[in-house]
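Worksheet: the structure to be examined is printed underneath.
Numbering (the UniProt record's numbering), first residue to last: 1 to 374.
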């Protein structure tokens, strides 16, 4: 009788995710029901310099591994069953006495371009569990044209490092990013749309630490994002950012701040002199516009001789200036990249996947429509 019940259970479990092989080139499953049991093994099987988008589906499970996507493994979609079901996790630190290089320390490292992530949680368990430093990255998205949707990027310090090139592009939508210290940092043009930025430290933290050069066109753009924390969010206080190196650029548009942002808004000193650290239409949890009149616009750093160098950075945007920041302007570059099309499942599905007995259309990139936390 127990064997019969077990067989029925296994049949029902398999029915929860059906037809994956028909629309995906590979399936990763921790329970052994797919082509591979590890994410890295599937990536390694992708042909080098692949000319067509390779679609990999990842079934529910926890994958304890360091994942590396080399430069010659581009045009790759890693599509998870849901960010509340698929966890890629490691616990390496890139700071302190046990530090390993960022390329080996981040849970997932992406050197390739044209990479799509959907429905996955990237976790550095050290940062999440310790809620303390040093640096412990969950995702290092070094390449260009990297699109992330309905994912979670979770750690404490240096959670998510963006592109290394001046105008490398990352697009992040409908995702959760968890951290407390410089937890979105790096270079490139990055658009974050409808994301939840969650702080796991009561006070004394910074959200961004960019290091854009003067050749970077836009920098970091947060649009329609929510800043929050566990418990009563207003009891958590955090500055928007500090200038890591060079001439950083960051704008927050239409931000809903459930946490408390100190009146000054930003930290005036690190190793860079920002060009733009600005906001437009920042609101509290009730949608009431915040008073931005006391936001700082003066920043300084020390040169090699210990002398203080000052700069003035733009700290507020008019409606007309804010309107210039669009996904098209920030993301398209010279190759007219449109990351929103990657997640468009309304037209011309290539097939269907059945999850929990629901038939869902899948597009040519392997993406399908999600609910908020999927």
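From the three backbone atoms N, C-alpha and C, an ideal C-beta is built for every residue, glycine too.
Being a predicted model, the structure only gives us computed values, none of them experimental.
Assigned with DSSP and collapsed to three states, residue 320 falls in helix.
Secondary structure of residue 129 (DSSP, three-state): helix. Ranked by how close their Cα comes to the Cα of residue 113, the residues 23, 181, 269, 162 have 162 in first place. Counting every other CB atom within 10 Å of its CB across the protein chains shown gives residue 100 a total below 16, marking it as exposed. Taking the CA atoms as reference points, residue 132 sits about 6 Å from residue 156.
With fewer than 16 neighbouring CB atoms inside 10 Å of its own CB, residue 217 falls in the exposed class. Taken atom to atom, the span from the alpha-carbon of residue 223 to that of residue 202 is near 24 Å. Where residue 105 is concerned, the enclosing alpha helix (DSSP H) starts and stops at 102–105.
Taking a cut-off of 8 Å on C-beta distances, the stretch 40–51 does not touch the stretch 79–93, as fewer than three cross pairs fall below it. Between residue 302 and the set 317, 269, 276, 255, the nearest pair of CA atoms involves 269. CA-to-CA, the gap between residue 159 and residue 357 works out to about 35 Å.
With a cutoff of 9 Å on beta-carbon distance, residue 79 and residue 116 are scored as near each other.
Excluding residues up to 5 positions away in sequence, 142, 186, 187, 188 lie with their Cβ nearer than 8 Å to the Cβ of residue 164 in the same chain.
Here residue 137 carries a coil assignment [DSSP, helix/strand/coil].
CA-to-CA, the gap between residue 248 and residue 181 works out to about 17 Å. Counting only runs that start and end inside the stretch 64–116, the beta strand (DSSP E) elements of at least 3 residues fall at 67–69, 76–80, 86–90, 108–110. For the pair residue 123 and residue 336, the Cα-to-Cα distance works out to about 32 Å. Taken atom to atom, the span from the alpha-carbon of residue 231 to that of residue 304 is near 44 Å. The three-state reading of DSSP puts residue 289 in strand, counting E and B together. In summary, residue 264 is exposed, with fewer than 16 beta-carbon neighbours lying within 10 Å of its beta-carbon over all protein chains present. Excluding its 5 nearest sequence neighbours in each direction, residue 68 has C-beta neighbours in its own chain below 6 Å: 109, listed in chain order.
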